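Worksheet: one structure, shown below.
Residue numbers (our numbering), protein chains in the order written: chain A, 57 to 423; chain B, 57 to 423.
Okay, here's the thing in structure tokens:
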């Protein structure tokens, strides 16, 4: 169990969060720089607490960045957006927060909340509401299991803040927040949901920050021994390598605030031409990788995790960074069990993303 | 000076507000029905107070409907949107409002605030911040003369509410509110700005509700005597009849939350064909009528008022109701003096709307 985050931990957490990000959650590079800076500036470590240590009647809030990673990589944040949004929410409610919750453990969104927690002088909780990254607000265990979507807050780089004290549904919150995020330039800081300790304990996926660090540490160990890390990562996450090969096509647009598109990976083996059935893998994404096709066969689909890592060093490749020629391994990892209930699959299963296929889970659970 | 609004006043106020609406501000028909209903339901009249009666340290807020009149005429409101937005703002600030301020006296937006005031049990103030209607939030004397744009609130028909506790500029408030209004279906209730009594007295255009009632009463008098009311209206507003004729072309689109377009009016006189220079008038609009051209000559432009009324009965014709064949008079009326300072013209003059012409004011002031 993690008790703190120090400068010694940030590289491993960033690598692991990238891998859990399934292509999304934003760049870990920028947020790791911010986290290192904030740790150096404060001269302290960041305390990490367990969800079960939060009193039932304490107030906590999940936080993160909203928008397309294609945008947030190029349009830099000022650095205190999440902090300002939390402060505005505390002022609105006239009540202080007890701890900061990571909304999604995937990608840079694992690290941004830690930066904000340091700025706010609050501990962060080991866990999140996805065990990965997802593109839309309603797609997390807090919402799926009944935490109210309001109040929530958005903040932009220029100091503008919006608070939604009352919203009918999580999907409606997604629609309002998305259109405002686009108006804010395509990326914004989000505080959502605000909940009690009791609600947190009922709905959070525990220990995912520790998992990210373990994954990252394993990748670093492989690198130190000049081993390709893909198999090690897959084992640690109870998953498998779906495919290895070279990216031969990427189609990507930034539409309605999302990075959407698909890519094609050609197998390395010399058997047959690249496009022969079964020898090239197609992956479709909406910020995150959603579904992997081998011809007509679905190899893996949401909510199970599809992550593309660089074959040599195990570094996760975000959907915004996919490009022709990269040599990659595609990992398939089972989702946390909290994402595989009927209630969850209605929100994060293949059909929720418009794919007319049943969810065929990989065996096992992420953790 | 008005002291109250009763069921006997609403027809005249609606007619007058329509005429001050310069084509926008939304339909007076629906909001007059709502006002009559609310007056009947409460069994009371609505107290009207003077701006100078509001204590300097009291809290007041301007309210109105935001969106395209093409939308709000067809997508009916639930009826308590403004009330909910005001209540949410009071809860956010932990402070009650002293009175309700009409944001724009033009069109249905003159009446909606009166409905809300009745629902809230608050008086309304005789005056507004435009003396007419304008399409965008930053275009009012509160903003022009330095009242802060935040906090402001938006509410939709479904009970969703957004509060913006901190916004950098009035134009930024317009951009955020507009994109959220579109997401809310194209019309929403707005509370903006929130201000002190001292700020109100420094920035409001006084007595415009009384003016609306006077105009409407004069139109009703003309109708009772079977007189065409256009000349009477023009005189009462210190303006003139710019043109009379028949609408022969209307081009209208609902884009980015606005009703935009232009229309052409052909003169009645038998001299020459309709399109001969000088014999047909063109008006361009963005929710409101912005500029009237006679060939290359600008007859009237914002902030002066251009209102199209039905020739027979003096009823104002909103930009959403323009259609081929209507027989109309086009009235040009001078803007209130508060809209003609250099600071105001920078925001509401012809160039602020993209027209490369200088503002050539009509002689006199609206009131």
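Quick reminder that beta carbons are idealized off the backbone N, C-alpha and C, glycines included.
Predicted model only: the values in this text are computed from it and were never measured.
| field | Distance, residue 87 of chain A Cα to residue 164 of chain A Cα | value | Within the first chain, the letter at position 108 stands for residue 164 of chain A. Within the first chain, the letter at position 31 stands for residue 87 of chain A. Each residue's Cα considered, the two are about 6 Å apart.
| query | So, does the CB of residue 392 of chain B fall closer than 8 Å to a CB anywhere in chain A? | reply | Stepping through the second chain from its first residue, residue 392 of chain B is reached at position 336. No - not a single Cβ of chain A is within 8 Å of the one on residue 392 of chain B.
| request: Measure the alpha-carbon distance for residue 223 of chain B versus residue 206 of chain B and round it to whole angstroms. | output: Position 167 of the second chain, counting from 1, holds the residue named residue 223 of chain B. Position 150 of the second chain, counting from 1, holds the residue named residue 206 of chain B. Take the alpha-carbon of residue 223 of chain B and the one of residue 206 of chain B: they are about 6 Å apart.
| request: Flag residue 214 of chain A as yes if its beta-carbon sits less than 8 Å from any beta-carbon of chain B, otherwise no. | output: Taking the first residue of the first chain as 1, we reach residue 214 of chain A at position 158. It does; some Cβ of chain B falls within 8 Å.
| How would you call residue 65 of chain B, buried or exposed, if buried means at least 16 neighbouring beta carbons within 10 angstroms? | Against the second chain, residue 65 of chain B aligns to sequence position 9. By the Cβ-count criterion, residue 65 of chain B is buried, with 16 or more other Cβ atoms from all chains shown falling within 10 Å of its own Cβ.
| My guess is that residue 373 of chain B and residue 384 of chain B are in contact by the Cβ rule of under 8 Å, so how many angstroms apart are they, rounded? | In the second chain, residue 373 of chain B corresponds to position 317, counting from 1. In the second chain, residue 384 of chain B corresponds to position 328, counting from 1. Going by Cβ atoms, the distance from residue 373 of chain B to residue 384 of chain B rounds to 7 Å, so yes, they are a contact pair.
| said: Counting only beta-carbon separations shorter than 8 Å, does residue 143 of chain B have a partner in chain A? | reply: Along the second chain, one-based indexing puts residue 143 of chain B at 87. Taking Cβ atoms only, chain A never reaches closer than 8 Å to residue 143 of chain B, which makes this a no.
| said: Which same chain residues end up closer than 8 Å to residue 155 of chain A when comparing Cβ atoms and leaving out the 5 residues on each side of it in sequence? | reply: If you number the first chain from 1, residue 155 of chain A lands on position 99. So the list reads 105, 110, 114, 116, 173, 178, 179, 180, 181, once near-sequence residues are dropped.
| query | From residue 300 of chain B to residue 79 of chain B, what does the alpha carbon distance come to, in whole angstroms? | reply | Taking the second chain and counting its residues from 1, one reaches residue 300 of chain B at position 244. Taking the second chain and counting its residues from 1, one reaches residue 79 of chain B at position 23. Between residue 300 of chain B and residue 79 of chain B, the alpha-carbon positions lie close to 16 Å from each other.
| Rounded separation between residue 192 of chain A and residue 313 of chain A - CA only | Position 136 of the first chain, counted from the start, is the residue given in the question as residue 192 of chain A. Position 257 of the first chain, counted from the start, is the residue given in the question as residue 313 of chain A. The C-alpha of residue 192 of chain A lies about 11 Å from the C-alpha of residue 313 of chain A.
| Contact between the segment 266 to 285 of chain A and the segment 237 to 246 of chain A (3+ Cβ pairs under 8 Å) | Short answer: they don't touch.
| query | Which chain B residues sit within Cβ distance under 9 Å of residue 138 of chain A? | reply | Position 82 of the first chain, counting from 1, holds the residue named residue 138 of chain A. At a C-beta separation below 9 Å, residue 138 of chain A has no neighbours in chain B, since its nearest C-beta there lies roughly 15 Å away.
| said: Can you give me the C-alpha to C-alpha distance between residue 261 of chain B and residue 58 of chain B, rounded to a whole angstrom? | reply: Counted from its first residue, the second chain places residue 261 of chain B at position 205. Counted from its first residue, the second chain places residue 58 of chain B at position 2. Distance between the alpha carbons of residue 261 of chain B and residue 58 of chain B: 15 Å.
| Taking Cβ positions only, does residue 218 of chain A come closer than 8 Å to chain B? | Residue mapping note: residue 218 of chain A aligns to position 162 of the first chain, counting from 1. Nearest CB-CB separation between residue 218 of chain A and chain B: below the 8 Å threshold.
| request: With 9 Å as the C-beta to C-beta threshold (strictly closer), list the residues of the segment 232 to 244 of chain B near chain A in chain order. | output: Listed in chain order, the positions of the segment 232 to 244 of chain B with a beta carbon within less than 9 Å of a beta carbon of chain A are 232, 234, 235, 236, 238, 239, 240.
| message | Give me the DSSP bridge partner(s) of residue 222 of chain B. | response | In the second chain, counting from the first residue as 1, residue 222 of chain B sits at position 166. According to DSSP, which records beta bridges pairwise, residue 222 of chain B is partnered with A:217.
| query | Given a threshold of 16 other Cβ atoms within 10 Å of its Cβ, counted over all protein chains shown, does residue 352 of chain B qualify as buried or as exposed? | reply | Looking up residue 352 of chain B in the second chain gives position 296. With fewer than 16 Cβ atoms within 10 Å of its Cβ, residue 352 of chain B is classed as exposed.
| request: Along the beta strand (DSSP E) that carries residue 342 of chain A, what are the first and last residues, could you check? | output: The residue you call residue 342 of chain A lines up with position 286 of the first chain. Note, residue 342 of chain A: beta strand (DSSP E), 336 to 342.
| Where the beta strand (DSSP E) containing residue 122 of chain A begins and where it ends | By one-based count along the first chain, residue 122 of chain A stands at place 66. Segment 115 to 123, the beta strand (DSSP E) holding residue 122 of chain A.
| Backbone secondary structure at residue 110 of chain B - three-state DSSP | Against the second chain, residue 110 of chain B aligns to sequence position 54. It is coil, neither helix nor strand.
| message | I'd like to know if residue 224 of chain B contacts chain A, where contact means its C-beta is closer than 8 Å to some C-beta of that chain. | response | For this step, residue 224 of chain B is matched to residue 168 along the second chain. So, interface residue.
| request: Drop a sphere of 10 angstroms on the beta-carbon of residue 425 of chain B, count the other beta-carbons inside from all chains shown, and report buried for 16 or more, exposed for fewer. | output: Here chain B has residues from 57 to 423 only, and residue 425 of chain B is not among them.
| Looking at C-beta atoms only, is the number of pairs between the segment 388 to 406 of chain B and the segment 286 to 297 of chain B that lie closer than 8 Å three or more? | Taking 8 Å as the limit for Cβ pairs, the verdict is that the segment 286 to 297 of chain B does touch the segment 388 to 406 of chain B.
| Should residue 98 of chain B be labelled buried (16 or more other beta-carbon atoms within 10 Å of its own) or exposed? | The sequence position of residue 98 of chain B within the second chain is 42, counting from 1. With fewer than 16 other Cβ atoms within 10 Å, it is exposed.
| query | Under the three-state reduction of DSSP, which class applies to residue 257 of chain A: helix, strand or coil? | reply | Counting from 1 along the first chain, the entry for residue 257 of chain A is found at position 201. Assigned with DSSP and collapsed to three states, residue 257 of chain A falls in helix.
| Distance, residue 142 of chain A Cα to residue 158 of chain A Cα | Against the first chain, residue 158 of chain A aligns to sequence position 102. Against the first chain, residue 142 of chain A aligns to sequence position 86. Cα to Cα, the separation comes out at about 13 Å.
| said: Among the candidates A:316, A:317, A:315, A:336, whose CA atom is the shortest distance from the CA of residue 324 of chain A? | reply: Along the first chain, read from residue 1 onward, the residue named residue 324 of chain A stands at position 268. If we check each option's Cα against that of residue 324 of chain A, A:336 comes out closest.
| Distance, residue 144 of chain B Cα to residue 235 of chain A Cα | Residue numbering aside, residue 235 of chain A sits at position 179 when the first chain is read from its first letter. Residue numbering aside, residue 144 of chain B sits at position 88 when the second chain is read from its first letter. A straight-line Cα-Cα distance of about 22 Å links residue 235 of chain A and residue 144 of chain B.
| Whole beta strand (DSSP E) elements within the segment 354 to 380 of chain A, 3-residue minimum | Positions of the beta strand (DSSP E) runs, each at least 3 residues long and wholly inside the segment 354 to 380 of chain A, are given as 361 to 366 in order along the chain.
| query | For the alpha helix (DSSP H) that contains residue 404 of chain B, what are its first and last residues? | reply | Within the second chain, numbered from 1, the residue matching residue 404 of chain B stands at position 348. Going by DSSP, residue 404 of chain B is part of the alpha helix (DSSP H) stretching over 398 to 404.
| field | Residue(s) in a DSSP beta bridge with residue 184 of chain A | value | Here residue 184 of chain A refers to the residue found at position 128 when the first chain is read from its first residue. DSSP lists A:261 as partners of residue 184 of chain A.
| said: Judging by CA-CA distance, which residue of A:195, A:219, A:419 is the nearest neighbour of residue 355 of chain A? | reply: To locate residue 355 of chain A, count along the first chain from 1; it is residue 299. Taking only the C-alpha atoms, the option nearest residue 355 of chain A is A:419.
| field | Secondary structure of residue 87 of chain A, DSSP reduced to three states | value | What you label residue 87 of chain A is simply residue 31 of the first chain in a count that begins at 1. Assigned with DSSP and collapsed to three states, residue 87 of chain A falls in helix.
| Name the chain B residues that come within less than 8 Å of residue 148 of chain A, Cβ to Cβ? | Counted from its first residue, the first chain places residue 148 of chain A at position 92. Simply 148, 219, 221.
| message | Along the chain, where does the alpha helix (DSSP H) containing residue 67 of chain A start, and where does it finish? | response | Locating residue 67 of chain A in the first chain gives position 11, where the first residue counts as 1. Start and end: 66 to 76.
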